[in-house]
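In our numbering, the protein residues as written are 340 to 417.
Read through the structure below, which is laid out as structure tokens, and then see the notes.
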Amino acid sequence: MDTQPTIRQLVEKALYYRQITPEIENGINEILGRLGYVSDVDYEALELLIENLGLKPRRSTTALTLNMSIVYEIYAKM
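Put into structure tokens, the structure is as follows:
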């Protein structure tokens with residue numbers, strides 16, 4: 340049985356390595372795209388990742404931070 344990692348597991352891995360590898364970034368983006376929503380737990384994990392790695396949601400950064408800016412917009416509307 341092939342289990343898919345969760346966003347929280349990928350965030351833990353990124354925090355352990357203190358960087359977002361292409362594998363981690365692609366995994367997070369794939370999960371965000373497939374689910375179409377972010378749970379509270381995953382949102383908090385992604386927020387922690389952004390804070391700890393000093394990422395800023397900007398258009399000129401990686402796809403992950405672009406997705407996170409979308410997540411921020413979704414939560415702002417709630």
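By construction, the Cβ of each residue, glycine as well, lies at the ideal position given by its N, Cα and C atoms.
When rounded, the separation of the alpha-carbon atoms in ARG373 and GLU383 is 19 Å. Nearest neighbour of GLY366 by Cα position, chosen from GLY393, ARG347, GLU386, turns out to be ARG347. DSSP places GLY393 in no alpha helix (DSSP H); its state is neither H nor E. Take ALA353, set aside five residues on each side of it, and the residues of its chain with a beta-carbon closer than 8 Å to its own are ILE359, THR360, ILE363, LEU388, LEU392, in chain order.
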